Structures are given as structure tokens and as C-alpha cells.
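Asks:
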Amino acid sequence: MPSHSKTLEYLLRIAAFSVLFGRGLQHIIYDVPYRVLVWDESLWQGLFQTMDWNWSSFVTSPTVDKAIVTTGAVVGIFLILTSLVAAFNYKKAKLALVLSSSYLVFISILYTADKFFIPAQFIEYSTQMFTPFFLVLFWKFGEKQRLVFWMRVAVALTFIGHGSYALGIYPTPGPFIDMVIAIMNCDEPTAIVFLKIMGSLDFVAAILLFIPYADKWALGFCCTWGALTTMARISEGNVFGITHTLVSLGHEFIIRLPHFFIPLFLLVSVQKKTFNFLKVFYLKYKF
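Here the working numbering = 1-based position in the sequence shown + 75.
#1: Buried or exposed: which applies to Q101, given that a residue is buried once 16 or more other Cβ atoms fall within 10 Å of its Cβ?
#2: Report yes or no: do three or more beta-carbon pairs, one from the segment 160 to 175 and one from the segment 107 to 123, lie closer than 8 Å?
#3: At the level of alpha carbons, what is the spacing between S158 and F92?
#4: Should G142 go down as buried or exposed, given a rule of 16 or more other Cβ atoms within 10 Å for buried?
#5: For a minimum of 3 consecutive residues, which ranges assigned as the beta strand (DSSP E) are wholly contained in the segment 264 to 316?
#6: For the putative contact between A241 and G274, defined by C-beta atoms under 8 Å, what is the C-beta separation to the nearest angstrom?
#7: F224 by DSSP, collapsed to three states: which one?
#8: Considering only the beta carbon of each residue, do A161 and F336 sit closer than 8 Å?
#9: Output the distance between the C-alpha atoms of F234 and S132, rounded to the nearest integer angstrom.
#10: Are L87 and F205 closer than 8 Å when you measure CB to CB?
#11: According to the Cβ coordinates, are W128 and E116 closer than 8 Å?
#12: From S183 to M259, what distance separates their C-alpha atoms?
#13: Going by beta-carbon coordinates alone, are G121 and I155 separated by less than 8 Å?
#14: Rounded to the nearest angstrom, how far is the Cβ of T202 from that of Q196, given a contact under 8 Å?
#15: Determine the DSSP secondary structure at Y109, reduced to helix, strand or coil.
#16: So, is L118 buried or exposed, given that buried needs 16 or more other C-beta atoms within 10 angstroms?
#17: Would you decide whether Y200 is buried or exposed? Buried here means 16 or more other CB atoms lie within 10 Å of its CB.
#18: With a 10 Å radius around its C-beta and 16 neighbouring C-beta atoms as the bar for buried, classify P333 as buried or exposed.
#19: Would a C-beta distance cut-off of 8 Å place L294 and L222 closer than the cut-off?
#20: With distance defined between alpha-carbon atoms, name the residue in F96, T82 and E84 nearest to I330.
#21: Rounded to whole angstroms, what is the Cα-Cα separation between H79 and D277?
#22: Taking the alpha carbon of S344 as the reference point, which residue from T125, E218 and H237 has its own alpha carbon closest?
#23: Is R331 helix, strand or coil when you go by DSSP?
#24: Could you give the C-beta distance for P207 and S239, rounded to a whole number, given that I count them as a contact under 8 Å?
#25: Restricting to runs no shorter than 4 residues, where is the alpha helix (DSSP H) found entirely within the segment 151 to 208?
#26: Just curious, the alpha helix (DSSP H) that G99 is in, first and last residue?
#27: Taking G249 as part of the alpha helix (DSSP H), name the residues at either end of that continuous run.
#28: Report, in whole angstroms, the separation of the C-beta atoms of E263 and I256, which I expect to be a contact under 8 Å.
#29: Looking at V211: is its Cβ nearer than 8 Å to the Cβ of L172?
#30: Measuring straight from C-alpha to C-alpha, what distance separates V139 and G236?
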């Protein structure tokens with residue numbers, strides 16, 4: 076039976092591997108929002124005027140478009156290779172995890188820019204983008220309370236971001252509603268009510284995460300709801316067949332696995348006494 080610390084490390088490694096491997100696949104196979112930055116005329120206008128370059132020729136250039144796609148693929152390969160650092164516990168390559176986590180923050184900003192800079196969009200990525208960094212800190216310092224606190228903050232922000240959309244504080248994305256309708260086989264009004272209820276619970280859980288004793292219940296909810304929303308990415312696509320679902324939505328499932336594993340890490344962390352009891356029970360009876 077693995078030690079308490081090893082169990083926590085395994086959970087963090089799985090979470091870090093998942094988000095990096097999933098993002099890597101996404102970069103290689105699908106488009107990433109580099110064009111939000113590259114095609115922002117207001118950002119580059121001064122440079123283009125100084126260099127006397129033509130903006131229209133730039134944004135319509137096949138060479139530029141190919142460079143964007145190639146860059147995405149190269150970054151994707153880097154992310155997949157970095158995911159192996161977490162998978163194989165290669166602690167000498169900590170810098171790669173720090174760089175990848177920094178990049179995840181950058182790409183999250185671009186995704187947010189692509190969604191009109193809605194704050195909920197950015198904070199929803201909190202758990203994903205900081206997971207590799209959390210692993211590095213765990214390797215260096217172990218289960219320190221400061222690390223656990225910031226992991227709670229990341230989880231809380233993720234669920235607040237998700238809940239903001241579900242509650243309608245920001246326009247609820249159509250895919251949210253479509254997923255609920257497809258999975259629950261209900262009509263649209265019922266799906267909207269369901270999302271509002273779950274969105275409210277997201278906010279409640281985010282608050283309870285920082286209240287002693289109540290945090291266990293909040294983490295239990297976060298684990299369950301995080302797992303369900305992660306699996307929903309592939310469950311709602313089953314009508315198109317498993318092959319189509321895995322190819323088109325598999326990376327979305329993998330990317331969101333930290334939404335389950337990081338709350339589970341925190342739950343195991345607060346249940347240390349229970350864990351120690353089970354360890355003693357196991358050593359005594361060895362079944």
C-alpha cells in the first residue's frame with residue numbers, strides 16, 4: 076500500500092500528465108488561438124507602419140498561416156514530451172514543467188481573449204494551468220499547507236468560473252445546454268434549471284473549501300461534479316459513435332481530468348487520519 080505522500084504525488088502526476096498530454100494533442104491536431112494575438116491589428120499597427128508593411132497581405136498570407144499551424148504543432152510536441160516528465164517522475168526536468176505551466180497561463184489568456192475577455196473564462200482554467208507547477212512545488216516542498224491553500228484557490232476559481240456560466244452571470248454557452256439535454260434526455264428549460272442549480276452549488280462549494288470540516292463535503296462535491304463534467308465531454312458525443320467521439324472530443328476529456336484529480340488530492344490530504352487508519356489496518360491484516 077503506497078504511503079500518504081506517494082498517493083498524493085501519484086494524483087498530482089496523473090493530473091499534470093493529463094492536462095499537458097491533452098493540450099499537446101489539441102495543439103497538434105486542432106487549431107489554437109494564436110491568431111487572436113497575431114491578427115490583432117491594433118497591437119501590431121505601429122510596427123507595420125514603421126516597417127511599411129501591408130497588413131492585408133500579412134493576414135492573408137499562406138506562409139503566415141502555415142507558420143502559425145507549425146508553431147502550434149511544435150508546441151504540442153513539447154507539451155507531450157513534458158507530460159512524460161510527470162508520467163515517469165523525472166524530477167531533473169522540473170524546468171520543463173515550470174515552462175509548460177507558464178505556457179498554459181499564456182494560452183489561457185488567448186482563449187479568454189477569443190471569448191471577449193470574460194473573466195469567468197480565464198479563472199475556469201486555473202486548475203489546469205497551474206497543475207504542472209503544483210507538481211514541481213510538491214516535489215520540492217512536499218505537502219506544505221501553503222501549497223494546499225493555493226491548490227484550494229485554484230479549484231475554487233475553476234468552479235466559480237464554471238458556475239458563472241451555468242448560473243447565467245455570463246451567457247451560458249450553447250454546448251453546456253446541449254450536453255445536459257443529450258445526457259439527461261430532457262428539454263431546454265429543464266436543462267437551464269439544472270445548470271442554475273449546479274452553478275449555485277459551484278459557488279457554495281468554492282466558499283466551503285476554506286471552512287474547516289465543511290471542506291470535506293465541498294471537496295466531495297468537487298470530485299464528483301468535476302468527474303461528471305469531465306466525462307460529459309465524451310458522453311454527449313456517443314450518438315456519433317465511440318471512434319468519432321474519441322477523435323473529436325477525447326482531448327477535451329483528458330485536459331479536464333485535473334478538475335477531478337486536484338480536488339481528490341485535496342480530499343486525500345484532509346483525510347490523512349483516515350488514511351493512516353487504513354494503512355495500519357492493511358499492515359495488520361495484509362489482505
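Where is the CB? At the ideal position from N, CA and C, for every residue including glycine. Small disclaimer: the values here were computed from a predicted structure and weren't measured.
Replies: Inspection of the coordinates gives the following:
#1: buried
#2: no
#3: 4 Å
#4: According to the sequence displayed, residue 142 carries Ala and not Gly. Flag for A142 reads exposed.
#5: none
#6: 3 Å
#7: helix
#8: no
#9: 43 Å
#10: no
#11: no
#12: 30 Å
#13: no
#14: The Cβ separation is near 14 Å, so there is no contact.
#15: helix
#16: exposed
#17: buried
#18: buried
#19: no
#20: F96
#21: 28 Å
#22: E218
#23: coil
#24: So it is not a contact: roughly 25 Å between Cβ atoms.
#25: 169 to 189 and 194 to 198
#26: H79 to I104
#27: G249 to M259
#28: 6 Å
#29: yes
#30: 34 Å
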